[in-house]
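Be aware that the sequence shown starts at 40, since it is given in the working numbering, and climbs by one per residue.
Every residue, glycine too, gets a C-beta built ideally from N, C-alpha and C.
Comments concern the structure below.
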Amino acid sequence: MPKPNRTTFIALVVLDDAIRKLQTGGPLKPPEHGVRLALAYLYSACLSKNRDPFDTLWLTLLGRDRQPPDLRVTWAGTQFSRICQDVGVPHDIKLIDALAKGRADPTPNHPRPAQPETT
Numbered sequence: 040m041p042k043p044n045r046t047t048f049i050a051l052v053v054l055d056d057a058i059r060k061l062q063t064g065g066p067l068k069p070p071e072h073g074v075r076l077a078l079a080y081l082y083s084a085c086l087s088k089n090r091d092p093f094d095t096l097w098l099t100l101l102g103r104d105r106q107p108p109d110l111r112v113t114w115a116g117t118q119f120s121r122i123c124q125d126v127g128v129p130h131d132i133k134l135i136d137a138l139a140k141g142r143a144d145p146t147p148n149h150p151r152p153a154q155p156e157t158t
């Protein structure tokens with residue numbers, strides 16, 4: 040498959056960054072204009088015109104989905120993969136590496152927040 044154009048890549052970086060923020064800080068607070076613009080742009084480039092992964096990712100990022108909080112990041116990642124497929128970009132190790140280089144915080148993974156101790 041061809042390499043994504045620059046605008047598509049930047050939109051994917053925005054979504055990847057939003058998923059990482061969900062992982063470290065919990066649901067995003069609207070309005071999140073950058074995320075909305077990225078979703079709208081990617082939908083306009085979507086091959087299937089299926090809105091489901093776009094709508095589901097938006098609701099998941101805001102914490103308005105039906106997923107338990109501990110599964111939200113996984114579910115958001117699943118929707119991200121579906122969006123990549125729909126815009127013709129393989130969600131493979133090359134993309135993951137490029138996203139890591141393209142994000143504002145270039146660390147591969149953010150540390151998980153400390154879990155409250157259970158006794």
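Coil, strand or helix - residue i by DSSP
i    : result
P92  : helix
V126 : coil
D104 : coil
S120 : helix
K140 : helix
A84  : coil
A115 : helix
L78  : helix
L98  : helix
A67  : The sequence given here has Leu at residue 67, not Ala. The answer is coil: DSSP assigns L67 none of H, G, I, E or B.
First through last residue of the alpha helix (DSSP H) which encompasses residue i
i    : result
D55  : R45 to G64
D131 : Careful: D131 lies outside any alpha helix (DSSP H) and carries neither H nor E.
Beta-carbon proximity check, residue i vs residue j, cutoff 8 Å
i    : j    : result
D125 : N89  : yes
L81  : A115 : no
L76  : L101 : no
Cβ separation of residue i and residue j, assumed to be a contact under 8 Å, to the nearest whole Å
i   : j    : result
L61 : V74  : Their Cβ separation, rounded to whole angstroms, is 10 Å, which puts L61 and V74 out of contact at 8 Å.
V52 : L138 : 6 Å
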